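From first to last, the protein sequence lines are chains F and E. In terms of numbering that gives the first Met the number 0, the first sequence opens at residue 0 and continues consecutively. In terms of numbering that gives the first Met the number 0, the second sequence opens at residue 0 and continues consecutively. For every residue, glycine included, the Cβ atom is placed at its ideal position computed from N, Cα and C. Note that the coordinates shown come from a computational prediction; the quantities given were computed from them, not determined experimentally.
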Amino acid sequence: MSEAETEPLIAIYYAAPTLLAPTASPFVLKLLTYLRMTGLKYKSVHTLKMSSKGKHPFIVYKGKEIADSTLIIQFLNNEFNKDLNTSLNAVERATSLAFQRLCEENLVWCVVHDRWIVNTDAFLGQLEMSNMMKKFMSFYVSVRFRRVQQANLHGHGIGRHSDEEILQIGKRDLTALSNFLADKDFFMGSEPTLLDCTSFGLLEQIIECLPGSEYEQFIKEKLPNLVAYTERIKEKFWSDWKEQCAQKKAKHVNQPKSDKEGETLEKVKVEGQNGSGDAYAKSSEEEDATVQEKKTTGMLPVTDS
Amino acid sequence: MSEIQTTRGDDPDIRVFYFSPTLLTPSGSPFALKLLTYLRMTGLKYKTFHSLKTSSKRKLPFISFKGKEMGDSTFIMQFLNKEFNKDLNSSLSSVEKAASVAFQRLCEENLYWCMVHDRWTLHTERFLEQLVMHKFKKRVIAAYALVHFRRLQKANLYGHGIGRHSNKEIFEIGERDLAALSDFLADKKFFMGSEPTEVDCTVFGTVEQFIECLPGSKYEKLIKEKFSNLIAYTERMKEKFWPDWREQCAQKKIKQKSESQPKPDKENGTSKEEAKGKDQSESADDAQRLSVENNTTDGEHTHASRDDISSENEPILTQ
Chain F
0 MSEAETEPLI AIYYAAPTLL APTASPFVLK LLTYLRMTGL KYKSVHTLKM SSKGKHPFIV
60 YKGKEIADST LIIQFLNNEF NKDLNTSLNA VERATSLAFQ RLCEENLVWC VVHDRWIVNT
120 DAFLGQLEMS NMMKKFMSFY VSVRFRRVQQ ANLHGHGIGR HSDEEILQIG KRDLTALSNF
180 LADKDFFMGS EPTLLDCTSF GLLEQIIECL PGSEYEQFIK EKLPNLVAYT ERIKEKFWSD
240 WKEQCAQKKA KHVNQPKSDK EGETLEKVKV EGQNGSGDAY AKSSEEEDAT VQEKKTTGML
300 PVTDS
Chain E
0 MSEIQTTRGD DPDIRVFYFS PTLLTPSGSP FALKLLTYLR MTGLKYKTFH SLKTSSKRKL
60 PFISFKGKEM GDSTFIMQFL NKEFNKDLNS SLSSVEKAAS VAFQRLCEEN LYWCMVHDRW
120 TLHTERFLEQ LVMHKFKKRV IAAYALVHFR RLQKANLYGH GIGRHSNKEI FEIGERDLAA
180 LSDFLADKKF FMGSEPTEVD CTVFGTVEQF IECLPGSKYE KLIKEKFSNL IAYTERMKEK
240 FWPDWREQCA QKKIKQKSES QPKPDKENGT SKEEAKGKDQ SESADDAQRL SVENNTTDGE
300 HTHASRDDIS SENEPILTQ
């Protein structure tokens, strides 16, 4: 458990929680789940500032930035002598890596496509922010961010397919995950391994954070073992799931500024091993996100009822 | 070895369009090699066209089937499976089929990009040397490849995400994937067991590029030193489905006017010498046509001439 004296050495940077999840990013959720699985202490810093590779998450450890969740995990494994895959043999490790690639290099793009091209409004609805901010985000997403994601999808290749074909690809991957998991507790057996961080991070986004999507419907109707699986992981490593999500705020004119997407101030959350820290402190150490977000905030937080 | 049969005069319905063969391989594209291997594995008859024109998805290969164009090797195979009632995975359990899909994603959505990175940002000249074409066209293609196509691929690499890493990081990612393939294959004859299945088309198509078609690269060295079971595996696949591998590669032309140009032999070794010998009797007039020199008409496929191609005036790469 973290105490006031021992500041965690690992600071993770990612965008603020949404109403439905501690993070909207499958890679951030993967990294946070890894940290909880290994028991490493960390603190979260909410920011829209991107890593040197232009993505989230990234960490700062002893003053050094490390980007890319896989590279971060490899680094932390080395630094702290951790290995979540000790129980696996060579064939199992190989299979584990293959499923990691399925999740991170293919299925995740189906989520990106659904979230940023098909059902963007559903995603924006999950963000805890003022009406004004929502309008701005909606505009910013449709003009700029969607274009960025379209270029990414096109570069990857999957964006060249029709919506129906992309859906087919996603369903094929989800079916493979479900068939491989079968009736096991965790992906590689009765104990969680590194693959579970990736697969939970992604599946959770699909099951809970793509509300109304065809993927959500498909999983709930045809692949219930995946739903049960995510519940199992949450029970084991995310007992404070609801507290880690963004909280809907009541309308209050004179409330001090607090955590919101794109806020000028950032929240530094000090978390212990179980992620149960609830000490909030305003931090001025971090440079804020993009200039646009900065400019449009400044109004007092009000939320939808 | 399975018998490959066709009757002459047959006009197969499946027409496969892909970029031309290289000196080292029937196709420099893992997806075209995957599709061709699938067609050979299933015994389906097909006709090949060498084309720079891409599908509506702006990629190669694509097929034309009874006048309908179809892109993406995976969708093509799914379609052909249904159309011709083929299933190369019938012997697999649902867990094995799932693992198959995972390894297909590893090859096609990750490892493939390591190859693209090596070929189009690090060692493009080596790849261009593998293409056989008339000198002038080669210069045009080289200029296009180095300026425009490389920029396209860099944008693709960046969009995919892998292009944001350093060269060293990308190599390590590729190394991990190759290690996983090698470990999973272990001492099995084919990827999922003693019989070939659909994923062998993908694994063979991808790994073959790393072994033979990135000459002088760190990957080639790595595989030879650490993952030799992958090399034996590709040899087995070639023996079973590509006994005409050498004939399907591009054949080097010899100029009849002067002595053959001394070209660096370091990539090709004996295959180039064999090809040179084979070309001695061929006419230099064929240089401007899409040629059929390395066609084996006894095989299950025929290479079409330029006139057969139904597309408009697209620049066609000749051999």
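By the criterion of Cβ-Cβ separation under 9 Å, what are the contact partners of residue i in chain E?
i                      : result
residue 52 of chain F  : 160, 163, 164
residue 14 of chain F  : Under the 9 Å cutoff, chain E gives no residues; its nearest Cβ is about 17 Å from residue 14 of chain F.
residue 146 of chain F : Simply none; closest approach about 12 Å.
residue 164 of chain F : 71, 74
Please compile the residues from chain F whose C-beta is within a distance smaller than 9 Å of the C-beta of residue i.
i                      : result
residue 168 of chain E : 67, 70
residue 104 of chain E : 97, 98, 100, 101, 102, 104, 105, 106, 172, 175
Check whether the Cβ atoms of residue i and residue j sit closer than 7 Å, and answer yes or no.
i                      : j                      : result
residue 233 of chain F : residue 240 of chain F : yes
residue 186 of chain F : residue 177 of chain F : no
residue 200 of chain F : residue 25 of chain F  : yes
residue 249 of chain E : residue 34 of chain E  : no
residue 196 of chain F : residue 33 of chain F  : yes
residue 15 of chain F  : residue 55 of chain F  : no
residue 108 of chain E : residue 105 of chain F : yes
residue 106 of chain E : residue 202 of chain E : yes
residue 179 of chain E : residue 8 of chain F   : no
residue 175 of chain E : residue 52 of chain F  : no
residue 29 of chain E  : residue 205 of chain E : yes
residue 97 of chain E  : residue 60 of chain E  : no
residue 11 of chain E  : residue 37 of chain E  : no
residue 183 of chain E : residue 93 of chain F  : yes
residue 229 of chain F : residue 193 of chain F : no
residue 131 of chain E : residue 239 of chain E : no
residue 154 of chain F : residue 154 of chain E : yes
residue 170 of chain F : residue 98 of chain F  : no
residue 62 of chain E  : residue 112 of chain E : no
residue 30 of chain F  : residue 86 of chain F  : no
residue 70 of chain E  : residue 150 of chain F : no
Which residues in chain F sit within 8 Å of residue i, going by Cβ to Cβ distance?
i                      : result
residue 96 of chain E  : 175, 178
residue 182 of chain E : 89, 90, 92, 93
residue 58 of chain E  : 156, 159
residue 101 of chain E : 94, 97, 98, 100, 101, 175, 179
Against residue i, what residues of chain E qualify as contacts under a CB-to-CB distance less than 8 Å, listed in chain order?
i                      : result
residue 55 of chain F  : Near residue 55 of chain F there are no residues of chain E at all, since even the closest Cβ is about 12 Å away, more than 8 Å.
residue 114 of chain F : Simply none; closest approach about 16 Å.
Since residue i and residue j should fall inside the 8 Å C-beta cutoff, what is the C-beta to C-beta distance between them, to a whole number of angstroms?
i                      : j                      : result
residue 140 of chain F : residue 119 of chain F : 6 Å
residue 13 of chain E  : residue 43 of chain E  : 6 Å
residue 209 of chain E : residue 222 of chain E : 6 Å
residue 205 of chain F : residue 110 of chain F : 6 Å
Quick one: residues in its chain with C-beta nearer than 6 Å to the C-beta of residue i, no 5 flanking neighbours on either side, listed in chain order?
i                      : result
residue 102 of chain E : 198
residue 213 of chain E : 117, 219
residue 37 of chain F  : 81
residue 152 of chain E : 115, 119
residue 122 of chain F : 114
residue 10 of chain F  : 42, 44, 59
residue 268 of chain E : A caution first: residue 268 of chain E carries a pLDDT of 40, below 50, which makes its placement in the model unreliable, though a value can still be read off. For residue 268 of chain E, where only same-chain residues beyond five positions count, there are no Cβ hits under 6 Å.
Using a Cβ cut-off of 7 Å, pull out every chain A residue sitting near residue i, in sequence order please.
i                     : result
residue 93 of chain E : The structure shown contains no chain A; its protein chains are F and E.
Could you name the residues of the same chain whose beta carbon sits closer than 7 Å to that of residue i, not counting the 5 residues immediately before and after it, in chain order?
i                      : result
residue 57 of chain F  : 12, 50, 64, 65, 66
residue 18 of chain F  : 125, 127, 244, 245, 247
residue 145 of chain E : 123
residue 194 of chain E : 90
residue 166 of chain F : 213
Hey, could you find the ends of the alpha helix (DSSP H) residue i is sitting in?
i                      : result
residue 10 of chain F  : It is not in any alpha helix (DSSP H) - residue 10 of chain F instead sits in the beta strand (DSSP E) that spans 9-13.
residue 153 of chain F : 145-155
residue 147 of chain E : No alpha helix (DSSP H) holds residue 147 of chain E; DSSP gives it neither H nor E.
residue 161 of chain E : It is not in any alpha helix (DSSP H) - residue 161 of chain E carries neither H nor E in the DSSP assignment.
residue 102 of chain E : 93-105
residue 69 of chain F  : 68-79
Residue i lies in the beta strand (DSSP E); which residues open and close that run?
i                     : result
residue 24 of chain E : Residue 24 of chain E -> no beta strand (DSSP E), and no H or E assigned at all.
residue 62 of chain E : 61-64
residue 44 of chain F : 41-45
What residues of chain E sit near residue i, judged by a beta carbon separation below 7 Å?
i                      : result
residue 153 of chain F : 158
residue 23 of chain F  : Simply none; closest approach about 17 Å.
residue 181 of chain F : 94
Cβ closer than 7 Å: which chain F residues qualify as neighbours of residue i?
i                      : result
residue 185 of chain E : 90
residue 155 of chain E : 154
residue 109 of chain E : 100, 104
Apart from the five residues on each side of it in sequence, which residues of its chain come closer than 8 Å, Cβ to Cβ, to residue i?
i                      : result
residue 101 of chain F : 172, 175, 176
residue 224 of chain F : 177, 180, 181, 182
residue 122 of chain E : 213, 215, 216
residue 77 of chain E  : none
residue 188 of chain F : 86
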